[in-house]
Amino acid sequence: MRGRHSRTGGTSQPPPHLSRRKKKGLTHPSVGAGYQRADTDTVDIIETNIDDMSPEITGYVMEKLFAHGALDVFLTPIFMKKGRAATKITVLCHADYRDRLIEMLLTETTTFGVRLSSATRVKLRRDFIQIETQWGPIQAKRGYLNGTLIKTVPEYEDCKRVAEENNVPIRDVYVETLRAITPLTTQNHSAHR
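Here the sequence shown is numbered in the working numbering, starting from 2 and rising by one per residue.
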């Protein structure tokens, strides 16, 4: 019995969301028109699965990837064939850093190869403000969607620094900073309704 083949029409032009240029305003059709004022860009994704490397080395490699241009690095526990426990290393980067980061994964880990893909990121417009706390100033990041402030979040490194300098739990610093932020965010939400 022979299978039947069917073909559909198409175009030789790639869809606009596959363009590597940074864009203002979202053009990816599946996300929707409500995000017109979000920033978008295209990032490369580098992935590899590793089942034979010490976790200490993985941590070291992760730090080096960040130091050499990775936008994000994350580890996912996975199971490979024959039920072997492994770790998937995923690296997000801009194209300018891709080759350097691939070389690092190939030389610093036990992998024999990596997978490459790209993705469109949708990002809130952001700015930074200083929040005064009893332990000193802490920087916070504000995120805007369509011109409206929707979130303000304390910067981790500032919270960590203040916690270490004052010998207090980082959780306490984070909670107090959020308390100081809440009225600012609430006022902005009320003004835009």
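For each residue, glycine too, the CB sits at the ideal point set by N, CA and C.
Just so you know, these numbers come straight off a predicted model, no measurement behind them.
TODO: Measure the C-alpha to C-alpha separation of residue 132 and residue 92 and round it to an integer number of angstroms.
DONE: 32 Å
Open item on the list: Could you check whether residue 139 and residue 183 sit closer than 7 Å to each other, using their CB atoms as the reference points?
Closed with: no
Open item on the list: For residue 88 and residue 111, I'd like the C-alpha separation in whole angstroms.
Closed with: 12 Å
TODO: Could you have a look at residue 144 and say whether DSSP puts it in helix, strand or coil?
DONE: strand
Open item on the list: My output table needs one value for residue 122: the three-state DSSP class, helix, strand or coil.
Closed with: Under the three-state reduction of DSSP output, residue 122 falls in the strand class.
Task: Sub-7 Å separation of residue 141 and residue 153 beta-carbons - done: Yes, these two residues count as a Cβ contact at 7 Å.
Open item on the list: Taking 8 Å as the limit between beta carbons, can you name the residues of its chain near residue 49, skipping five residues before and five after?
Closed with: 89, 90, 106, 110, 112, 114, 115, 116
- [ ] Using 10 angstroms around the beta-carbon of residue 68, count the other beta-carbons present and answer buried if the total reaches 16, otherwise exposed.
- [x] exposed
- [ ] Can you grab the Cα-Cα spacing for the pair residue 43 / residue 95, in whole Å?
- [x] Those two C-alpha atoms are separated by around 7 Å.
Open item on the list: Quick check on DSSP: helix, strand or coil for residue 48?
Closed with: strand
- [ ] Going by DSSP, name the residue or residues bridged to residue 129.
- [x] 142
Open item on the list: Less than 7 Å between C-beta atoms, sequence neighbours within five positions excluded: which residues of the same chain meet that for residue 130?
Closed with: 141, 143
TODO: State buried or exposed for residue 170, treating a residue as buried only when at least 16 other CB atoms are found within 10 Å of its CB.
DONE: Around the beta carbon of residue 170, fewer than 16 other beta carbons sit within 10 angstroms, so the residue counts as exposed.
Task: Inter-residue spacing [alpha-carbon to alpha-carbon] between residue 137 and residue 165 - done: Between residue 137 and residue 165, the C-alpha separation is close to 12 Å.
Task: residue 121 beta carbon less than 7 Å from that of residue 41 - done: yes
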